[in-house]
Amino acid sequence: MRLFVAVNPPARAKQELADAAAPLRGLPGADRLRWTDPAGWHLTLAFLGEVPADEVPAVEGALARLAGEHPAHRLRLSGGGTFGERALWAGVEGEVRALRALAAAVQQALGAEDEERRFHPHLTLARSGTTRGRGPGAPGELRTLAAAMRDFRGTEWAAGRIQLMRSEPGYGPARYTAVEGWPLGT
Ligand code: 2AM
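Counting from 2, one number per residue, gives the positions in the sequence shown under the working numbering.
Given below as structure tokens:
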């Protein structure tokens with residue numbers, strides 16, 4: 002199964018972001034993007050890709066151990082940016098060093114791929130259209146949307162848990178489900 006490890010922001014933090022991002026949907030080019038569902042918003046620490054079912058217990062064991070070794074920390078959703086012309090995201094601020102150390106430990110323990118090479122904590126808001134009928138947007142359109150997120154600073158929350166997540170691709174957007182979770186620092 003296709004797995005990744007994430008920190009999931011609380012519902013209130015996601016609601017604040019959803020409210021801040023709502024006006025973006027009316028900006029030029031927004032209708033050509035595939036917007037993600039706030040219910041599935043998460044901060045990916047490590048992407049594991051396909052993991053055979055018989056290897057999942059070892060992954061879970063490693064995550065349980067790492068969760069115990071890393072402290073809970075405080076984060077807020079903040080600002081926005083782009084990965085080239087392909088994704089629009091919201092960023093995080095606060096005790097990002099703790100989040101970064103946790104991600105590095107998880108990636109190292111599990112031999113995870115990281116397509117961005119350097120860990121870049123983010124929450125994907127929209128992806129540029131690759132499905133039929135949605136041509137590429139005008140150059141710079143995504144950056145204009147990200148600029149509209151510049152002043153957003155959400156309320157601080159405690160990242161107190163890591164979650165092993167499953168991604169199930171379908172005809173529409175991938176569906177994310179929680180496999181198992183562990184509290185940090187206990
Ligand atoms: P994204 O939000 O930037 O697309 C489930 O697919 C999660 O894993 C998403 O958060 C996605 O990041 C991330 N992900 C998917 N493929 C990845 C890859 N090859 N390397 C790193 N992260 C990946």
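Glycine residues also receive a C-beta, built at the ideal position from the N, C-alpha and C atoms.
When the five nearest sequence neighbours on each side are left out, the beta carbons in the same chain lying within less than 7 Å of the beta carbon of V52 are those of M2, L4 and V60, in order along the chain.
Put simply, the backbone Cα of L103 is about 18 Å away from that of L78. Between A65 and W183, the beta carbon gap of about 5 Å places them in contact (Cβ cut-off 8 Å).
Contact check between the stretch 18-32 and the stretch 175-182: fewer than three CB pairs, one atom from each, fall below 8 Å, which does not count as touching. DSSP places E17 inside the alpha helix (DSSP H), whose first and last residues are A12 to A22. The secondary-structure analysis by DSSP pairs P184 across a beta bridge with R162.
Within the DSSP bridge table, the entry for W36 names A127 as partners. DSSP, read as helix, strand or coil, puts L146 in helix. Per the C-alpha coordinates, the member of G171, S129, V6 and L76 positioned closest to R35 is S129. Rounded to the nearest whole angstrom, the C-alpha separation of P122 and G82 is 11 Å. With respect to the 8 Å criterion, I163 and L46 are classified as neighbours on the basis of their beta carbons. For the 8 Å CB-CB criterion, A73 and A7 do not form a contact. Around the beta-carbon of E169, fewer than 16 other beta-carbon atoms lie within 10 Å, marking it exposed. The beta carbon of S168 sits closer than 7 Å to at least one heavy atom of ligand 1.
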